[in-house]
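This report refers to the structure that appears directly beneath it.
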Amino acid sequence: MKTLYYHQFKLIGHTYLLATTAKGLAFVGSADKDLKELSKFYSDVQLIDDESKLTKIATELKAYLSGKLEKFDVELDVSGTAFQESVWKALEQIPYGQTRNYTQIAEEIHKPKAVRAVGSAIGKNPVLMVIPCHRVITKAGKVGQYRGGAVMKEHLLDLESHLK
Numbered sequence: 026m027k028t029l030y031y032h033q034f035k036l037i038g039h040t041y042l043l044a045t046t047a048k049g050l051a052f053v054g055s056a057d058k059d060l061k062e063l064s065k066f067y068s069d070v071q072l073i074d075d076e077s078k079l080t081k082i083a084t085e086l087k088a089y090l091s092g093k094l095e096k097f098d099v100e101l102d103v104s105g106t107a108f109q110e111s112v113w114k115a116l117e118q119i120p121y122g123q124t125r126n127y128t129q130i131a132e133e134i135h136k137p138k139a140v141r142a143v144g145s146a147i148g149k150n151p152v153l154m155v156i157p158c159h160r161v162i163t164k165a166g167k168v169g170q171y172r173g174g175a176v177m178k179e180h181l182l183d184l185e186s187h188l189k
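This note's numbering runs 25 ahead of the 1-based position in the sequence shown.
Structure (structure tokens):
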């Protein structure tokens, strides 16, 4: 059974649930959500509340949310299908303050007809903000879907665009 060390941190007016394994960061939750959100990504795991194992990422996340950090420096321990992982790698290449649309991501991973599947893979990203899925918008320039909700996504896009 996999062990996840988790803790809820109060950062910039919101609570964020973070979780890690011994190998690396495994989960960043949406603003003000609880363990129920984590359980959608990880079932059959042992959960241990251990703030000390998450202090570094909490510090980085606070700096990011304050506009003082553009790129996270943490080891990740996330896994998905080969397709999902290819999408997540493409997301990691989107520079701070820039956006891409779902079609561009599909083309980048050489699956131009898989636009809906790209959207689905983005929705399975367990580490919000660290793998910057908020930087993907619709072809029409609309915010689109986001696990953290449209308000959170708009806030992150605004944060990045105003602090460049």
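Yeah, the Cβ is synthetic: ideal placement off N, Cα and C, and Gly gets one too. The structure displayed is predicted, hence computed values, not measured ones.
Residue i and residue j closer than 8 Å at C-beta
i           : j           : result
residue 102 : residue 51  : yes
residue 55  : residue 181 : no
residue 134 : residue 107 : no
residue 78  : residue 30  : yes
residue 125 : residue 148 : no
residue 90  : residue 63  : no
Any C-beta of chain D under 8 Å from that of residue i
i           : result
residue 163 : The structure shown contains no chain D; it holds only a single protein chain.
For residue i, the three-state DSSP class (helix, strand or coil)
i           : result
residue 94  : coil
residue 163 : coil
residue 51  : strand
residue 34  : strand
residue 40  : strand
residue 178 : helix
residue 192 : Residue 192 lies beyond the stretch modelled for the chain, which goes from 26 to 189, so this question has no answer here.
Cβ-based neighbour list, residue i, same chain, cut-off 6 Å, excluding 5 preceding and 5 following
i           : result
residue 144 : 127
residue 28  : 71
Close beta carbons around residue i, own chain, < 8 Å, minus the five adjacent residues each side
i          : result
residue 96 : 121
residue 48 : 100 and 102
Same chain only: Cβ atoms within 7 Å of residue i, ignoring 5 sequence neighbours per side
i           : result
residue 140 : 127, 128 and 131
Rounded separation between residue i and residue j - CA only
i           : j           : result
residue 58  : residue 81  : 20 Å
residue 175 : residue 169 : 7 Å
residue 163 : residue 157 : 15 Å
residue 46  : residue 75  : 11 Å
Checklist entry - Could you give the uninterrupted runs of the alpha helix (DSSP H) lying entirely in the region 125–160, keeping only those of 4 residues or more? => result 127–133 and 140–148
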